[in-house]
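Student:
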Amino acid sequence: MTDVRELGLDCLTEILEKGRHSHVVLRQTLEAGRELPRRERAFLTRLVEGTLERLYELDYLIDCFSRITTEKQKPFIRNLLRISVYQIKYMDSVPARAAVSEAVRLAGKRGFRSLQGFVNGVLRTIVREHAKVSYPRREDGFSQWARVVYSMPVWITQELLSEYGEERTERMLSGGLSGRPFTVRCNLSRAGEEKIRESLSAQGIEARPVPEVPGVFTLTGFDRPEEIAAFQEGFLQVQDVSSVLAGLAADIREGDFVLDICAAPGGKSLHAADLLAGSGHVEARDLTEAKVSLIRENQERSRFSNLSLRVWDARIPDEAMFGRADVVLADLPCSGLGIIGRKSDIKYKLTKSAQEELAALQREILDASWRYVRPGGRLVFSTCTVFPSENRENARWFAENYPFVQVNLREELPQRFFVGTENQETNDREAGAGWLQLLPGEKGTDGFFIAAFRRTK
484 MTDVRELGLD
494 CLTEILEKGR
504 HSHVVLRQTL
514 EAGRELPRRE
524 RAFLTRLVEG
534 TLERLYELDY
544 LIDCFSRITT
554 EKQKPFIRNL
564 LRISVYQIKY
574 MDSVPARAAV
584 SEAVRLAGKR
594 GFRSLQGFVN
604 GVLRTIVREH
614 AKVSYPRRED
624 GFSQWARVVY
634 SMPVWITQEL
644 LSEYGEERTE
654 RMLSGGLSGR
664 PFTVRCNLSR
674 AGEEKIRESL
684 SAQGIEARPV
694 PEVPGVFTLT
704 GFDRPEEIAA
714 FQEGFLQVQD
724 VSSVLAGLAA
734 DIREGDFVLD
744 ICAAPGGKSL
754 HAADLLAGSG
764 HVEARDLTEA
774 KVSLIRENQE
784 RSRFSNLSLR
794 VWDARIPDEA
804 MFGRADVVLA
814 DLPCSGLGII
824 GRKSDIKYKL
834 TKSAQEELAA
844 LQREILDASW
854 RYVRPGGRLV
864 FSTCTVFPSE
874 NRENARWFAE
884 NYPFVQVNLR
894 EELPQRFFVG
904 TENQETNDRE
914 AGAGWLQLLP
924 GEKGTDGFFI
934 AAFRRTK
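Per the numbering used here, the sequence shown starts with residue 484, numbered consecutively.
1. Three-state secondary structure (DSSP) at Trp853?
2. Pull up the DSSP beta-bridge partners for Pro692, would you.
3. Return yes when the Cβ of Ile571 is within less than 8 Å of the Cβ of Val631, no when it is not.
4. On the DSSP bridge list, what partners appear for Leu919?
5. What first and last residue would you give for the alpha helix (DSSP H) that runs through Asp757?
6. For Gly730 versus Gly763, is the C-beta spacing smaller than 8 Å?
7. State yes or no: is the C-beta of Val727 within less than 8 Å of the C-beta of Leu812?
8. Report the three-state DSSP secondary structure of Asp486 (helix, strand or coil).
9. Given Ile823, which residues of its chain have a CB within under 7 Å of its CB, disregarding the five upstream and five downstream residues?
10. Alpha carbon to alpha carbon, how far is Lys940 from Val507? Give it in angstroms, no decimals.
11. Which same chain residues, not among the five before or five after Ala674, have their C-beta less than 6 Å away from its C-beta?
12. So which of Gly594, Leu544, Leu541 and Glu642 has the shortest CA-CA distance to Thr834?
13. One question on the structure: do Gln838 and Asn874 come within less than 8 Å of each other, judged by their Cβ atoms?
14. Considering only their Cβ atoms, is the gap separating Ala747 from Ile778 smaller than 8 Å?
15. What's the C-alpha gap between Glu646 and Leu499?
16. For Ser785, which option in Ser725, Arg668, Asp723 and Thr866 has the closest C-alpha, if you only look at C-alpha atoms?
17. Could you compute how far the alpha carbon of Thr528 sits from the alpha carbon of Leu509?
18. How would you write the range of the beta strand (DSSP E) that Leu790 sits in, first residue to last?
19. Classify Ser827: buried if its beta carbon has 16 or more other beta carbons within 10 angstroms, exposed otherwise.
20. I need the straight-line Cα distance from Glu709 to Arg524, nearest angstrom please.
21. Is the segment 782-800 touching the segment 685-702, taking contact as three or more C-beta pairs under 8 Å?
22. Does the ligand NAD have a heavy atom nearer than 7 Å to the CB of Ala934?
23. Between the segment 508-522 and the segment 601-615, can you find at least three pairs of beta-carbon atoms closer than 8 Å?
24. Just the Cα atoms here: how many angstroms apart are Val846 and Leu922?
25. Quick check on Pro858: does DSSP put it in helix, strand or coil?
26. Only counting runs of 4 or more residues, tell me where the alpha helix (DSSP H) segments fall wholly within the segment 612-664, in order along the chain.
27. Can you tell me the Cα-Cα spacing of Arg917 and Trp880, whole angstroms?
28. How about Ile545 and Val568: do their beta carbons lie closer than 8 Å?
29. If you follow the beta strand (DSSP E) that Arg768 is in, where does it begin and where does it stop?
30. Grouping DSSP H, G and I as helix and E and B as strand, with all else coil, what is Glu494?
31. Within its chain, find whatever has a CB closer than 8 Å to the CB of Lys501; leave out the 5 residues flanking it on each side and keep chain order.
32. CA-CA distance, Thr904 and Thr485?
33. Quick one: Cα of Arg807 to Cα of Arg854, how far?
34. Using three-state DSSP, classify Asp734 as helix, strand or coil.
35. Sorted by chain position, which residues of the same chain lie with C-beta nearer than 8 Å to Asn906's C-beta, five sequence neighbours on each side aside?
36. Could you give the residue range of the alpha helix (DSSP H) that holds Leu509?
In structure tokens form, the structure reads like this:
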């Protein structure tokens, strides 16, 4: 019989101790455990993702009651306590006594019998006393308070505060801890919305349309995407609304040649191929064969014949491509802070120096790629982050140094993304300048940046 808690513990070891990406580890674990009932798969997913989301808070609680701080504990014991405290505090369906007894059992099973008493003592004390713990106070320092309450590194919070202020920063931090909807885009050149919805309904899956974004649904009532018939048929592509908006900003017309220079896993490339409706062509590129293979999997399932793939380092100019593309899609490497609601480990691995290097890498890629756009053609620069140095500042730099003018995105994208309360003035100004910054927790999307440019000569 599969031990789901032990699986979760092994996942955390891979992610937190070996540095592997959480979404990759969890996906591989779920694929290997296909025999697991749906309820146990859901438990495993929440246990891993929830522990990662609340990591700093869990450590804070453990350190309040342990004579040995989490930093000095053996990695296995540290992660065992973390998943147990998460169950105690955040999983109402798990009796506290079960979380404690299972932790003690796992400690013995994995060769830590001498520490079973320690594990038992710490967890039993937390069960009794955790509700009485005093957290840092917001008025004594927002960043230190947010480190515990939202499990966000201090330096990231300080960066966000300097740009967005406390209210919007807290909304982003809260959005990073909220459950994210499962969003799909319909390949409408393959099947109409009605046919796709009928197929979903036949499987008991509820599809709710995303307002003002045609062909995009949020889905509930299923377990694995690969078991959805419409997905198997290539009628659906898993894609966040924000990413779909980047495709719409490209203003792709039938017959266009589209070059996607950093394409994996291929959502925007497939969207472009769908918008071409069997005409034109899309060339999707990425740095390694492993990344290109991810695009290939989606292409084969979606059965688009107007899409070709190529391994290419986007930092290296391809002279054979100069002036050929009607549209260049540049979804560039970034810090990924806009998707922490889906990949919580990003915030713990990111450093200020790495973030600065990514901003410089973006400029290097844009400098190598702008000549691919024909005069009159369009380049769309996008990221899934919220840092100005990777977004607005690089968009401004590009507009000032290359023969492009910025496109008014308000004329290209659904109006509801430009209408709001706190962010209306900012988004109006930014849309007029040729870019749009979406923030997690505000518009029902991931944090995402989109800028559009038209080549003048």
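Using N, Cα and C, we set each Cβ at its ideal position, and we do this for glycine too.
As the structure is a prediction and not an experimental result, all values here were calculated from the model.
Tutor: Looking at the coordinates:
1. helix
2. Phe700
3. no
4. Ile933
5. Gly750 to Leu758
6. no
7. no
8. coil
9. Gly659, Ile829 and Lys830
10. 43 Å
11. Phe718
12. Glu642
13. no
14. yes
15. 29 Å
16. Arg668
17. 7 Å
18. Leu790 to Val794
19. buried
20. 14 Å
21. no
22. This structure simply doesn't include the ligand NAD, nor any ligand for that matter.
23. no
24. Note on residue identity: the sequence assigns Arg, not Val, to residue 846. Going from the Cα of Arg846 to the Cα of Leu922 covers about 23 Å.
25. strand
26. 625-632 and 637-658
27. Note that residue 917 is Gly in the sequence shown here, rather than Arg. Taking the straight line joining both Cα atoms gives about 13 Å.
28. yes
29. His764 to Asp769
30. Per the sequence shown, residue 494 should be read as Cys rather than Glu. Note: Cys494 maps to helix in three-state DSSP.
31. none
32. At Thr904, the pLDDT of 38 sits below 50, so the modelled position is not reliable; the number obtained from the coordinates is stated separately. Approximately 49 Å between the Cα atoms of the pair.
33. 9 Å
34. coil
35. Residue placement at Asn906 is poorly supported in this model, since its pLDDT is 48, which falls under 50; the coordinates are not used for a value here.
36. Ser505 to Ala515
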